[in-house]
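One structure is given below, encoded as structure tokens.
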Amino acid sequence: MSASSFSASAPSGTPHAVVIGGGPAGLMAAEALAGRGVTVDVYDAMPSVGRKFLMAGKGGMNITHAEAAPAFLARYGQRADRIAPLLAQFDGPALRAWVHGLGIDTFVGSSGRVFPTEMKAAPLLRTWLHRLRESGVRVHTRHRWLGWDDAGRLRFASPAGESTVSAPAVVLALGGGSWARLGSDAAWVPWLAERDVTITPLRPANCGFDVDWSAVFRERYAGQPVKSVAMAVTAPDGTPLHRQGEFVISATGIEGSLVYALSAPIRDLIERDGSAEIHLDLAPGMSAARVADEIARPRGSRSVSSHLQSKLGITGVKAGLLYEAVSKADMHDSAALAAAIKALPLRLVRARPIDEVISTAGGVAFEAMNAHLMLNAIPGVFCAGEMLDWEAPTGGYLLTACFASGRMAGLGAANYLMGM
Numbered sequence: 003m004s005a006s007s008f009s010a011s012a013p014s015g016t017p018h019a020v021v022i023g024g025g026p027a028g029l030m031a032a033e034a035l036a037g038r039g040v041t042v043d044v045y046d047a048m049p050s051v052g053r054k055f056l057m058a059g060k061g062g063m064n065i066t067h068a069e070a071a072p073a074f075l076a077r078y079g080q081r082a083d084r085i086a087p088l089l090a091q092f093d094g095p096a097l098r099a100w101v102h103g104l105g106i107d108t109f110v111g112s113s114g115r116v117f118p119t120e121m122k123a124a125p126l127l128r129t130w131l132h133r134l135r136e137s138g139v140r141v142h143t144r145h146r147w148l149g150w151d152d153a154g155r156l157r158f159a160s161p162a163g164e165s166t167v168s169a170p171a172v173v174l175a176l177g178g179g180s181w182a183r184l185g186s187d188a189a190w191v192p193w194l195a196e197r198d199v200t201i202t203p204l205r206p207a208n209c210g211f212d213v214d215w216s217a218v219f220r221e222r223y224a225g226q227p228v229k230s231v232a233m234a235v236t237a238p239d240g241t242p243l244h245r246q247g248e249f250v251i252s253a254t255g256i257e258g259s260l261v262y263a264l265s266a267p268i269r270d271l272i273e274r275d276g277s278a279e280i281h282l283d284l285a286p287g288m289s290a291a292r293v294a295d296e297i298a299r300p301r302g303s304r305s306v307s308s309h310l311q312s313k314l315g316i317t318g319v320k321a322g323l324l325y326e327a328v329s330k331a332d333m334h335d336s337a338a339l340a341a342a343i344k345a346l347p348l349r350l351v352r353a354r355p356i357d358e359v360i361s362t363a364g365g366v367a368f369e370a371m372n373a374h375l376m377l378n379a380i381p382g383v384f385c386a387g388e389m390l391d392w393e394a395p396t397g398g399y400l401l402t403a404c405f406a407s408g409r410m411a412g413l414g415a416a417n418y419l420m421g422m
């Protein structure tokens with residue numbers, strides 16, 4: 003079918019903008035634009051908007067974090083200075099108040115994470131979409147963006163064929179490169195690069211890592227959680243990092259919240275050195291001296307495994323990790339075994355493929371945009387969300403910055419239209 007050309011027009015005299023991407027950043031941009039009297043058309047490739055948002059909320063919708071502002075901002079690492087202006091306009095408390103404005107209550111969990119009372123994303127998204135439509139926002143699903151044509155018009159593929167759309171202001175909120183089946187496929191990278199937009203290569207973030215498990219360990223423990231454990235790694239700049247929590251043994255390696263919290267420095271080490279060594283404290287509630295004393299106690303006719311279980315409560319997957327990483331000789335050497343329990347070395351060989359990780363680092367460089375997130379190379383085009391070059395751990399930090407950047411881009415686009 004040949005391409006058709008049309009303008010998703012606004013009423014005479016009313017400014018018009020297009021938002022491409024129906025995730026939190028795109029929808030927040032649409033809300034900011036509509037709030038300034040702009041007619042907004044949102045286009046999304048999927049059959050419905052907010053697919054990844056709903057998936058993220060499947061186990062409990064962690065919307066933001068109640069952490070104090072300085073610590074909260076520090077979660078954005080090397081890009082904290084670029085995220086700071088966004089959070090200055092729309093931070094965690096502001097996001098929580100916004101959720102309350104949708105008629106949805108929230109609570110702070112024991113870890114400081116903030117959740118809707120119902121713990122689900124669907125009611126929030128449903129209420130939000132109703133409010134957006136009430137404000138005049140038009141949503142077009144099954145419209146996959148294909149870049150620009152030679153005349154600078156936006157190209158879309160839809161079930162009805164290819165069409166082009168013209169708009170004086172555009173907000174791109176296309177996500178990173180993870181979870182392509184939910185819409186974030188990074189197809190936009192070459193189209194922006196061709197137009198001289200600086201893009202930092204996408205890399206996995208909040209990801210699991212591969213370990214060369216033995217067949218016996220893999221078969222016995224894949225899928226098992228490792229609880230009450232601490233993980234330590236020395237970052238590429240020499241900074242020692244230490245976190246306590248839990249993770250999961252996978253068929254290929256390790257994954258889970260504790261791993262994700264340290265995934266950025268681990269990934270950077272692997273990129274630099276080809277692998278990364280972490281150390282696990284299997285008994286974080288005991289001092290090294292206490293562990294050594296317990297291990298040194300006579301075990302009589304009991305096996306090492308029985309001794310570990312009796313004196314330290316180490317059994318199951320934790321014991322399996324010891325047998326996987328410690329030599330047979332050291333398992334029978336009290337001092338070496340005690341040292342391994344407090345600092346068990348584990349070699350991670352690669353990050354998981356980018357399509358299966360929670361989020362991505364890299365993307366549109368902040369240096370390629372002005373303070374309102376408009377591309378320097380393409381006036382009138384703004385970017386928001388995970389397609390920007392930043393990363394953060396899970397815990398509400400990802401969503402907060404997506405919402406904040408979407409709002410900034412939407413307000414920037416509205417100001418751009420008003421100044422035309």
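All residue numbers for the sequence shown refer to my numbering, where the first residue is 3 and numbers rise by one.
Every residue, glycine too, gets a C-beta built ideally from N, C-alpha and C.
Predicted, not measured: the structure shown is a model, and the values here were computed from it.
Is the CB-CB distance between residue 42 and residue 140 below 8 Å? In this structure, residue 140 lies closer than 8 Å to residue 42 by Cβ.
Considering only DSSP beta bridges, list what residue 257 is partnered with. 250
Please report the straight-line C-alpha distance between residue 8 and residue 164, rounded to a whole angstrom. With a pLDDT of only 40 at residue 8, under the threshold of 50, the placement of this residue in the model should not be trusted, and no figure is reported.
Check whether the stretch 108-125 touches the stretch 134-149, taking contact to mean three or more Cβ pairs, one atom from each stretch, closer than 8 Å. Fewer than three pairs of CB atoms, one per stretch, sit closer than 8 Å, so the stretch 108-125 makes no contact with the stretch 134-149.
In chain order, each alpha helix (DSSP H) run of at least 4 residues that lies wholly inside the stretch 201-241: 217-223
Would you please state the rounded distance, in angstroms, between the beta carbons of residue 407 and residue 178? I believe it to be under 8 Å. Residue 407 to residue 178, Cβ: 13 Å. No contact.
Quick check on DSSP: helix, strand or coil for residue 272? helix
Check the DSSP bridge columns for residue 363 and list the partner residues they point to. 205
For residue 409, does the count of other Cβ atoms within 10 angstroms reach 16, so buried, or fall short, so exposed? buried
Which stretch, first to last residue, makes up the beta strand (DSSP E) that contains residue 334? From DSSP, residue 334 is part of no beta strand (DSSP E); its letter is neither H nor E.
Pop quiz: residue 278 and residue 272 are said to be a contact at Cβ under 8 Å. What is the actual Cβ separation, rounded to whole angstroms? 5 Å
For the alpha helix (DSSP H) that residue 160 lies in, which residues bound it at each end? Per DSSP, residue 160 belongs to no alpha helix (DSSP H); it is in the beta strand (DSSP E), 156-160.
Runs of alpha helix (DSSP H) lying entirely within the stretch 24-48, each at least 4 residues, in chain order: 26-37
Would you mind stating whether residue 67 and residue 94 have Cβ atoms separated by less than 8 Å? yes
Which of the three DSSP states is assigned to residue 101 in this structure? helix
What separation, rounded to the nearest whole angstrom, lies between the Cα atoms of residue 253 and residue 184? 24 Å
Which same chain residues end up closer than 7 Å to residue 418 when comparing Cβ atoms and leaving out the 5 residues on each side of it in sequence? In the same chain as residue 418, and ignoring 5 residues on each side of it, the C-beta atoms closer than 7 Å to its own belong to 171, 376 and 382, in chain order.
Locate the alpha helix (DSSP H) running through residue 301, then write down its first and last residues. Per DSSP, residue 301 is not a residue of any alpha helix (DSSP H), being assigned neither H nor E.
Would residue 420 be called buried (16 or more neighbouring beta carbons within 10 Å of its own) or exposed? exposed
Below 8 Å, can you find three or more Cβ-Cβ pairs linking the stretch 392-404 to the stretch 223-232? no
Beta-ladder partner(s) of residue 138, from DSSP: None; residue 138 has no bridge partner.
CB residue 363 to CB residue 205, shorter than 8 Å? It is a contact, given that the beta carbons lie within the stated cut-off.
Going by other Cβ atoms of all chains shown within 10 Å of its Cβ, with 16 needed for buried, is residue 300 buried or exposed? exposed
Distance, Cα to Cα, residue 76 vs residue 82? 6 Å
Return the bridge partner residues of residue 152 from the DSSP annotation. Answer is none; residue 152 lacks a bridge partner.
According to DSSP, is residue 183 helix, strand or coil? Looking at residue 183 - three-state DSSP - the assignment turns out to be helix.
Are the beta-carbon atoms belonging to residue 412 and residue 389 less than 8 Å from one another? no
Best match in 71, 173, 143 and 197 for proximity to residue 152 [C-alpha to C-alpha]: 197
Look up residue 8 in the DSSP assignment and say whether it is helix, strand or coil. Annotation note: pLDDT 40 at residue 8 (below 50); position unreliable, no value reported.
Can you tell me where the alpha helix (DSSP H) holding residue 163 begins and where it ends? Note, residue 163: premise wrong, no alpha helix (DSSP H); beta strand (DSSP E) at 163-167.
Distance CB(residue 394)-CB(residue 78) smaller than 8 Å: yes
Please return the same chain residues whose Cβ sits closer than 7 Å to the Cβ of residue 392, not counting the five positions on each side in sequence. Take residue 392, set aside five residues on each side of it, and the residues of its chain with a beta-carbon closer than 7 Å to its own are 78, 81, 84, 85 and 403, in chain order.
With distance defined between alpha-carbon atoms, name the residue in 90, 25, 341 and 275 nearest to residue 293. 341
Taking residue 334 as the reference, give the member of 289, 355, 308 and 50 with the closest Cα. When each option's Cα is compared against that of residue 334, the closest is 308.
State the CB to CB distance for the pair residue 51 and residue 35, rounded to an integer number of angstroms; the pair is presumed to be in contact (CB under 8 Å). So it is not a contact: roughly 16 Å between Cβ atoms.
For the beta strand (DSSP E) containing residue 1, list its first residue and its last residue. What the structure shows of the chain is the stretch from 3 to 422, and residue 1 is not part of that stretch, so it cannot be assessed.
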